[in-house]
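Okay, so the sequence shown: first residue is 33 according to our numbering, each after it adds one. Beta carbons: idealized from backbone N, C-alpha and C, even for Gly. This one's a predicted model, so the numbers in the text were calculated from it and none came from an experiment. Report on one structure; see the data block that follows.
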Amino acid sequence: MSSKPTVLVTGASMGIGAVYADRFAKRGHDLVLVARDRDRLEALAQRLRRETGVGVEVVRADLTDESDLAQIEARLRDDARIGILLNNAGASIPGTFLTQSTDTTAKLIGLNTVAVTRLAGAIAPRLVKAGQGAIINIGSVVGLAPEIGSTVYGATKAFVLFLSQGLSLELGPKGVYVQAVLPAATRTDIWAKSGHNVNDIPGVMEVEELVDAALVGFDLRETVTIPPLPDAGQWNDFDNARRAMLPGFRQERAAARYQTAA
Ligand code: NAP
Numbered sequence: 033m034s035s036k037p038t039v040l041v042t043g044a045s046m047g048i049g050a051v052y053a054d055r056f057a058k059r060g061h062d063l064v065l066v067a068r069d070r071d072r073l074e075a076l077a078q079r080l081r082r083e084t085g086v087g088v089e090v091v092r093a094d095l096t097d098e099s100d101l102a103q104i105e106a107r108l109r110d111d112a113r114i115g116i117l118l119n120n121a122g123a124s125i126p127g128t129f130l131t132q133s134t135d136t137t138a139k140l141i142g143l144n145t146v147a148v149t150r151l152a153g154a155i156a157p158r159l160v161k162a163g164q165g166a167i168i169n170i171g172s173v174v175g176l177a178p179e180i181g182s183t184v185y186g187a188t189k190a191f192v193l194f195l196s197q198g199l200s201l202e203l204g205p206k207g208v209y210v211q212a213v214l215p216a217a218t219r220t221d222i223w224a225k226s227g228h229n230v231n232d233i234p235g236v237m238e239v240e241e242l243v244d245a246a247l248v249g250f251d252l253r254e255t256v257t258i259p260p261l262p263d264a265g266q267w268n269d270f271d272n273a274r275r276a277m278l279p280g281f282r283q284e285r286a287a288a289r290y291q292t293a294a
């Protein structure tokens, strides 16, 4: 058993989650791998046990299923060895707001926001009590860019960013590190699953590069990590512009442009 905290990785069966699992195993962390595809999880677990010697457990769960989600929540609440939660499982869906069904968007919102919130909520009190630990939430630059056109997906990722920033403010002073990672286009199966050919998209990052960069941000204890953004000052300017508005929100009267003559 490793002396380092165990990492629970959601969406570990492929893509970004599988590479995070590989990297945390190579750092000597035991793992709990969660996703729906048990065979893929088992294959990854076997390779990581063989190559790194860490303990790897597989838990099959559909995070849009109430009882499966409750099972992972219970694990995060009760297993004191788990000190890092990687909220990575997520999906995108084909089409536009006008063509997507409400069933599909509800399921997307359930996976990308409700599950993320509930899993963070399950582990946070225990981490706060211990005064240590980390929650990593995988957002997306799409959450900053309605222009990209994935409106509901982007809205779920804007939620993940806000949730992470809020949790960082709430839990950070109590010793718990919260990181939002905002990838841009990264070469994984998410593209094919949502009806796109990744080869048609310019500027696609390889998944290993994305995860290794995100882990640099993790080690630096960044609140928000945007691996592809060349100029970190742009994010800082954006965040400072937002903060500069805050005093303006506390007003008894509407702004002059909204005052009526009467
Ligand atoms: P991916 O290759 O499609 O992997 C998604 C992972 O989530 C898989 O392991 C999948 O496993 C799991 N998953 C999907 N639905 C699930 C469910 N209902 N319950 C449990 N697990 C589920 O996609 P990815 O690109 O690695 O995406 C990982 C995260 O990065 C997502 O949050 C995504 O939004 C975000 N992201 C990706 C990109 C990109 O360009 N790739 C860009 C920005 C952000 P099973 O199918 O086995 O359940």
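Rank the options by C-alpha distance to the C-alpha of residue i and give the top, closest one.
| i | options | result |
| --- | --- | --- |
| T42 | W223, A50 and S35 | A50 |
| D271 | L203, T218, V248 and L193 | L193 |
| T218 | A224, E238, D135 and P205 | E238 |
| P259 | G265, A273 and V243 | V243 |
| M46 | S99, L65, A106 and G165 | L65 |
| A112 | R158, T128 and T136 | R158 |
| L40 | E83, E98, R107 and A102 | R107 |
With DSSP run on the structure shown, which of helix, strand or coil describes residue i?
| i | result |
| --- | --- |
| G115 | strand |
| T183 | helix |
| I233 | coil |
| T292 | coil |
| I170 | strand |
| V86 | coil |
| A67 | strand |
| A212 | strand |
| T149 | helix |
| T137 | helix |
So, is residue i buried or exposed, given that buried needs 16 or more other C-beta atoms within 10 angstroms?
| i | result |
| --- | --- |
| D54 | buried |
| V184 | buried |
| A138 | exposed |
| G227 | exposed |
| T131 | exposed |
| F250 | buried |
| V292 | One detail in the question is off: residue 292 reads as Thr in this sequence, not Val. That one is exposed. |
Take residue i and list the residues in its own chain whose beta-carbon comes closer than 6 Å to its own, dropping the five residues that flank it on each side.
| i | result |
| --- | --- |
| I167 | L117, A152 and V210 |
| D62 | S34, T38, V86 and G87 |
| I222 | S124 |
Using a Cβ-Cβ cutoff of less than 8 Å, which residues in the same chain neighbour residue i once the five nearest sequence positions on both sides are dropped?
| i | result |
| --- | --- |
| L80 | A53, D54, A57, L63, V86 and V88 |
| P279 | none |
| A224 | V230 |
Leaving out five residues before and five after residue i in sequence, what residues of the same chain have Cβ atoms less than 7 Å from its Cβ?
| i | result |
| --- | --- |
| P178 | G186 |
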